[in-house]
Every structure is written in structure tokens, then in C-alpha cells.
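Notes follow the structure.
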Amino acid sequence: MPDWTFLMFLNTDLLVATVRLSTPITLAALGATVCEKAGVVNIAMEGIMIIGAFFAAVTAFYTGNPWLGLAAGVAAGGIYSLIHAVATISLHLDHVVSGAVLNILAFGITRYLMVLFFGHPGTSDAIPSFLGDYQFAVPFLSKIPVLGPVFFNQTPIIYISFFLVIFLSWFLKYTKTGLHIRAAGEHPLALETIGVSVYRIKYLAVFISGLASGLAGAYLSIENNVSFTEGMTNGKGFIALAAMISGGWSALGSFLSALFFGFADALQVRLQIFRVFHVPEELFIIFPYAATIIAVAGLVKRSRPPKADGVDFIIEKENE
Amino acid sequence: MSRNLISGNSLPLRKYCDILSGFLIAGGAVFYLGSSFLGLIPLASGAALYLFIIFYFEGREKGAGAVKKHMSRLAVPVIGIVSAVFFGAIIMLLTGYDPVRSYAALFYGGFVKNWYVSVLNATPLIFTGLSIAFAFKAGLFNIGAEGQYYIGAMAGAWLGLTLDLSPLLSIMLIYIGGSFIASLWNFIPALLKVKTGAHEVITTMMFAHIARYLSPIFIRAFGGDPATSSHAYVTYEIPQSNWLLSFRAFIPDANYRLHTGILIAVATAFFVNYMLNNSKTGFEIRAVGFNRDAARVQGISIGKNIFIAMMAAGALAGMAGITQVLGLDHKLFENLQAGYGWNGISVALLASNHPIGVIFTSLLWGALDAGGQYMARTTNTPNSIVEIIKGIMLFLIVAKYIYIYAVKFIKKKRRGGNA
Chain B
75 MPDWTFLMFL
85 NTDLLVATVR
95 LSTPITLAAL
105 GATVCEKAGV
115 VNIAMEGIMI
125 IGAFFAAVTA
135 FYTGNPWLGL
145 AAGVAAGGIY
155 SLIHAVATIS
165 LHLDHVVSGA
175 VLNILAFGIT
185 RYLMVLFFGH
195 PGTSDAIPSF
205 LGDYQFAVPF
215 LSKIPVLGPV
225 FFNQTPIIYI
235 SFFLVIFLSW
245 FLKYTKTGLH
255 IRAAGEHPLA
265 LETIGVSVYR
275 IKYLAVFISG
285 LASGLAGAYL
295 SIENNVSFTE
305 GMTNGKGFIA
315 LAAMISGGWS
325 ALGSFLSALF
335 FGFADALQVR
345 LQIFRVFHVP
355 EELFIIFPYA
365 ATIIAVAGLV
375 KRSRPPKADG
385 VDFIIEKENE
Chain V
438 MSRNLISGNS
448 LPLRKYCDIL
458 SGFLIAGGAV
468 FYLGSSFLGL
478 IPLASGAALY
488 LFIIFYFEGR
498 EKGAGAVKKH
508 MSRLAVPVIG
518 IVSAVFFGAI
528 IMLLTGYDPV
538 RSYAALFYGG
548 FVKNWYVSVL
558 NATPLIFTGL
568 SIAFAFKAGL
578 FNIGAEGQYY
588 IGAMAGAWLG
598 LTLDLSPLLS
608 IMLIYIGGSF
618 IASLWNFIPA
628 LLKVKTGAHE
638 VITTMMFAHI
648 ARYLSPIFIR
658 AFGGDPATSS
668 HAYVTYEIPQ
678 SNWLLSFRAF
688 IPDANYRLHT
698 GILIAVATAF
708 FVNYMLNNSK
718 TGFEIRAVGF
728 NRDAARVQGI
738 SIGKNIFIAM
748 MAAGALAGMA
758 GITQVLGLDH
768 KLFENLQAGY
778 GWNGISVALL
788 ASNHPIGVIF
798 TSLLWGALDA
808 GGQYMARTTN
818 TPNSIVEIIK
828 GIMLFLIVAK
838 YIYIYAVKFI
848 KKKRRGGNA
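Chains B and V supply the protein sequences, listed in that same order.
Numbering follows my numbering, in which position 105 of the first sequence is assigned residue number 179; successive positions increment by one, without gaps.
Numbering follows my numbering, in which position 160 of the second sequence is assigned residue number 597; successive positions increment by one, without gaps.
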């Protein structure tokens, strides 16, 4: 006879935790969506996130201001992603290879800088003030039962992620630049023919994905946590990739899939704490990873990637 | 000219020379990998003999052509390595460390003083590198080799603890059974790839995380007891009859930890190379990786070959774990950040997925790690600079287009200068 008392933990808190755990996945998945819409495959989110997380934590630690940390994390992610842009767009390197190299390089850079800034590898010293302190309830909306506390009583980067989901959905669909980004991924030659530089659009898209992943990293180290830990992304960059795919390469779909993965994670933590089933705790930890595989396997057939996704684009200019 | 002088018996003589040079190279390599530097003498003389054979029997022109071919193949890696060392020096200078002393310690530690550590580091890397290179040949990215490594290590420990036959037989069975189990870890990703098109980067990666968390469960089931601190996260030791032979058995002053797994790794690399280039399956796998549509037109089954490549990749990565358990540790530690899978990606890319190249890049990676540790002990430079140097090296070697640009640029300049 199972112990049914755990059912009392299927409450609003579970949903609040779902949103918190899904935020980094949402942000990275949004970045990946923009990037792949422009035809550049990006598996470097894991590495960009860890770079963003590190620089956010270092800046917040030395200035004492988490908002500067936020800016630094976003900027570092953007700058680091430019390496991916140069490698894949200008140097015509295979996108997956470049992403893998950047993930490896990010690990090395943060490890070296950890020693340089904090004198030891592993976990950084705690930052004096973190963004989790800036939790605020939106007036009126936060009074709605269940949805209020879940969506409207959160911390800053979570609100930014909600805004980005809406903004990027609109941006990709209704703006000229958004159209160009989609064209770069579907039919780059047509875009080039009408006089828009495909390279420039792709650079922009990769840079946006870097900013978003950097923000995801900052969330991990200075909002959801008070310090940076090596490897704290723990596969979230790849789960974000899965969220993007099962979300059908759309901003809203990515968000919904990310919520699902966040829910799996939140549930896992609770099952582990309350030992609902008498099995080793590690079996709970693997639950979100298994859920990711199932989601990708089940939904991949229904979603379609941009036509020229991951395809190298070379234009031969006559005067060269 | 020279060919005419010995025209009658040129073929047998050539054959003897080939065998002799091969024997010298192989024997020298065994001793060199066993950390006996005397092995370099037969190794170098065998290589010299090999060169001589080409020049003597095939004429100067052909010999020069062969040398040139090898040199041009090495040009990009060598330029990449040298520039990465240079950039590493700049980073050290900028962050206040002495590059000359650091590099002296790094290379002395990695290639001379602690060469045996480099070889130990390289052993699992060769297997994981081969795994990733093999999958790449079929156009697949086995990014989750780390997971198959864990599964292989668990399977190796399990079979090592339970099998008790004659040593050679049980070691062979452990390798066969263990790599089979590890290949099964890629079964679902392979199936999903073929049936639904789910990308292997995501599925194998998720399976890698799952394997990581399964290992503590396994360790607890086989002797690891969190209640006792002395034996907390380690399995029982496997019986000595199931250990791999140590180099000490025939090189008395080799380090006691240095085991002959490296020889299995090198042999596997040659085997994989042979299979890829000389078997029907190897040809089909390369065809699928090279151009899927063209392969389909030729009547090659895409699904079947993707399946084979994924399973083989899993088995190869699993062999890394088996070798580590049977050769080095003799038990399974809870080591959640082993990193052989990730570094396997690097060595495969560095070698541009050439199985023989993987041996050398793994030794280089192993030496950088071993040298980095030595450097951190003897100078105040942190070990982690090695990770950055490795990253830069990797980037400069895989981004081959840089050199195409550079060559174009130089040519343009030259043309401009002449005009």
C-alpha cells in the first residue's frame, strides 16, 4: 500500500518550483530557437550558459551589485557566442563540431578563471546580494488563485523570460528582421538575392542566442543561487535543445516544453524528499532526463526544422 | 636503376625489409608505451628503415611524394599545436605566470618524467575517441560516450567480480560481454534515430546523464556501503586473476600502475581502421556518412548502417570503462566527472576521425593532463591553464578554413607584390 500522504505536496508550490526550474531551460531554448531559425545549429548553449553564469557571479561578487552581474552574464554570453558565429558562418566549420568545441572550451575557461578570481576550483564564494532578493508580486494579478503565485510572484529574470517568450514570438513573426532570420534558415539564397546579407542575419541570430543563454547562466548563478559552481548547468543546455525540438522550433512551444521539463524536475525533487517509492534516490534524479528522451522521441516527428538548418552557406563574391 | 640490380629477388627482399621494419616499430612502441625510453631506439630505426624501403624500392620521386603527403597531413595539426602553445603563453603572461618555466614543467612532466601517467590517461581516451570517430564516419555524433563509458565500467566490474575462469578466458569474456552491454546503452538512441529521427546528440546525452546516476546504485549493490566511511563509494576489488597484465611483468622499472590496456587500445585502433577501410560494412558506413542520398541510391540501407555504427560506438566507449576497471582501478569508484567521453570528442576531432590519428592525439591529450598536474605541483601555475590550451588547440585544428583564408591571403599579397 503506497503512502498517499505525498499527494498533499502536489500543490501550488510544486508549480512555483516548476517555473523556477524551467526558466534557464526556457531562456536557452528561446536562444536556440532564434539561432536555428536562422539556420545555425547551436549545441553550445551549455558552454555559453556556464560562461554567463561565471561572469555574472564574478561581477556580482566584486561589485556587490547583482544587476551589474546580470548585465555581465548576458554580455559574456553574447560575446562568447560570437566565436560560434565566426566559426560556423565565416570559417564554415561544422555547426555541431563548433558547438562541441565551445562547450569544452567553456569548461576550461571557467575552471582557469575560478582559480584566478577565487583561488580555488569548484564553487565560488557567495555573492553579497542576489537577484532572488528582488522577488516581487505583480499587483492584482498575483491575487489570482494558483496562477497568481505561480506566474506573478517571481524573481526578475523569470519575468524577463516571460517577456522574451512573448517578444520573440512577435519579433520572429511580425518584424522585418524576424522575417529575414526565418528566411536565412529556410532559403538563404533568396534572402541574399533581395540584397540582405545572410551572414549578417546569421551573426545577429547567433548573438541573440548567446545573450539569451548568458541570461540563463546568470539566472543559475545569481538568482536561483548565490554562487557559481563548476558544471552547474548539468545538461540544461542540452535539455533546452530538446525543449526547442519538441516545441517545434517556436518560442511559445519551447516555453511549454521547458515548463514540462521543469515540472519533471520539480516532481523529482519532491518524490526524492518524501520517498514515495522505496527505490534508490538516483532513480528520481534521472527522471527529468528520461522525460526529455520521451518528449523528443514522441514529438520529433511532428515538428519540422528550418529547411537550411545546419547547412553551410557560402557565397562566392566576384571581386575576391 | 636500383630495382634492376636485384630484379630477380626484389620482392622477397622487400617483404623481409617490410617485416623487419614493422617488427622494430611495433616492438619499440610496446617498450616506449611501457615507459621504457630505450624503446625509442628500435622505434626510430624501424621508421628510418621504412622510409629507406620506400626510397630504395619505389624510387626517389615516389618516396618524396609519400613524405610530402604525410607532411601536408601533419601541417595543420602542428601549426595548431604551436599556435595554441603560443596563445597559452600569452594568457599566462597576462595573468602573471611565467610561461617558460610553466611550459618546461608541462612538457618535462608530460613526456619524460610522468610519461607513464600520460599513457594511463591516454588508454581510455583512445577507446572513447575511437567510439566518437567511428560514429562520425557514419555522420553521427556520439556525444554521450561518457555514458557508455560508465556502463562499460559497471559491466566490467560486475563481470570481473563474478567471472572466475582461467585468466585469459575470463578477461576475453569480460571484454565481449561488457562491450555488448555498453553497446546496448546506445540501442534506444539508435532505434529512435532510425525510427523517428530523434537527434542522437540529445538522446545519447540524456542517456549519459542517466548512466552517471546509475553508477552509485551499482556501487552500493556491489560492496559500496555509505554507512562505513572506509569503503563508502567503491565496489569490492575484482580478483587478481581478472586484472590486465602490468608492464612490470616484462619491464622491471615500469611503474606498478602501468598496465597493458594501452596495447589493447592501440590494437583496437588498428582493427577499427582496417574494418573501416577494408570491409563491406566499413565501406557502407563511410558511404552513409559521406552522402546519405548517394548511399541510398546505391542500395545501401541507411537505417541498418546507422544502427551498426551506433552500437559499435557504444561498444568502443564501453571498452574504455572495462579497461579502466580491469587495468587501472581494479574496482569501480564513484567518479561522476571522469570526462573521458568529453575528451574523447576532442581527440576524435583533432585526429579528423582517423582511427590511427586518435592514438597520437590521445597520447598528446594524456601528456598535457599529466604534464599539467606536474606543472601545478612544481610551479605555481594552475593546472587548469591546460584546459584552455587544449580548447584553443582544438579550435585551431578543427577550423581548417582559417588556413584556407591564410593561404589565399598570402597568395594575393604575393601576386600584388609581383605586379
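Ideal Cβ placement from N, Cα and C applies to all residues, glycine included.
On a predicted model such as this, the values are computed, not experimentally measured, just so you know.
- For H166 of chain B, the neighbours in chain V by C-beta distance under 7 Å run, in chain order, Y838.
- In chain order, I563, F564, L567, L753, M756 place their CB closer than 8 Å to the CB of T705 of chain V, counting only its own chain and leaving out the 5 sequence neighbours on each side.
- At a cut-off of 9 Å between beta carbons, G291 of chain B makes no contact with chain V.
- The secondary-structure analysis by DSSP pairs V784 of chain V with nothing; it has no beta-bridge partner.
- Under the 9 Å criterion on CB atoms, H646 of chain V is classed as interfacial with respect to chain B.
- Secondary structure of N714 of chain V (DSSP, three-state): helix.
- By the Cβ-count criterion, V93 of chain B is buried, with 16 or more other Cβ atoms from all chains shown falling within 10 Å of its own Cβ.
- Rounded to whole angstroms, the separation of the alpha carbons of K632 of chain V and L621 of chain V is 17 Å.
- Burial state of L543 of chain V is buried, judged by a 10 Å Cβ sphere holding 16 or more other Cβ atoms.
- Of the candidates B:Y233, B:D383, B:F135, B:F135 places its Cα closest to the Cα of S203 of chain B.
- P354, E356, L357, I359, I360, Y363, A364, T366, I367: these are the residues of the region 351-367 of chain B whose beta carbon lies less than 8 Å from some beta carbon of chain V, given in chain order.
- Linking F832 of chain V to H166 of chain B through their CA atoms gives a straight-line distance of about 13 Å.
- For the region 262-287 of chain B, the set of residues with a beta-carbon nearer than 7 Å to any beta-carbon of chain V is empty.
- Here S603 of chain V is exposed, its C-beta having fewer than 16 other C-beta atoms within 10 Å.
- Fully contained in the region 120-197 of chain B is no beta strand (DSSP E) run of length 3 or more.
- Within the region 183-194 of chain B, I183, R185, Y186, V189, L190 place their CB atoms closer than 7 Å to a CB of chain V, listed in sequence order.
- Where P792 of chain V is concerned, the enclosing alpha helix (DSSP H) starts and stops at 792-815.
- One Cα belongs to D339 of chain B, the other to V795 of chain V, and the distance between them is close to 38 Å.
- For S472 of chain V, no alpha helix (DSSP H) segment is defined, and its DSSP state is neither H nor E.
- Residue state for T303 of chain B is assigned as strand, using DSSP reduced to three classes.
- With respect to chain B, the C-beta atom of R510 of chain V has no partner C-beta closer than 9 Å.
- In the three-state DSSP reduction, Q342 of chain B falls in the helix class (H, G or I).
- Neighbours of A161 of chain B in chain V, taken as residues whose beta carbon is under 7 Å from its own, are A836 in chain order.
- Restricted to the region 595-677 of chain V, not a single beta strand (DSSP E) segment is unbroken, complete and at least 3 residues in length.
- At least one CB of chain V lies nearer than 9 Å to the CB of I319 of chain B.
- Rounded to the nearest angstrom, the Cβ distance from V823 of chain V to G803 of chain V is 11 Å, too far for a contact under 8 Å.
- For the C-beta of I117 of chain B, the chain V residues within less than 7 Å are, from N- to C-terminus, V638.
- I656 of chain V is classed as buried because its beta carbon has at least 16 other beta carbons within 10 Å across all chains shown.
- According to DSSP, A211 of chain B shares a beta bridge with B:N227.
- If you draw a 10 Å sphere on the C-beta of W244 of chain B, you find fewer than 16 other C-beta atoms in it, and that means exposed.
- Residues of the same chain with a CB within less than 7 Å of the CB of M830 of chain V, apart from the 5 flanking positions on each side, are G517, I518, A521 in chain order.
- Between G126 of chain B and A150 of chain B, the CB-CB gap stays under 9 Å.
- Inclusion of K310 of chain B and A102 of chain B in the CB contact set at 9 Å is warranted, their separation being smaller than that value.
- Distance from the CA atom of F361 of chain B to the CA atom of M642 of chain V, rounded to whole angstroms, is 14 Å.
- Only those residues of the region 209-237 of chain B whose C-beta falls short of 7 Å from the nearest C-beta of chain V would be listed, and there are none.
- In this structure, the straight-line span from the alpha carbon of M318 of chain B to that of F494 of chain V is close to 60 Å.
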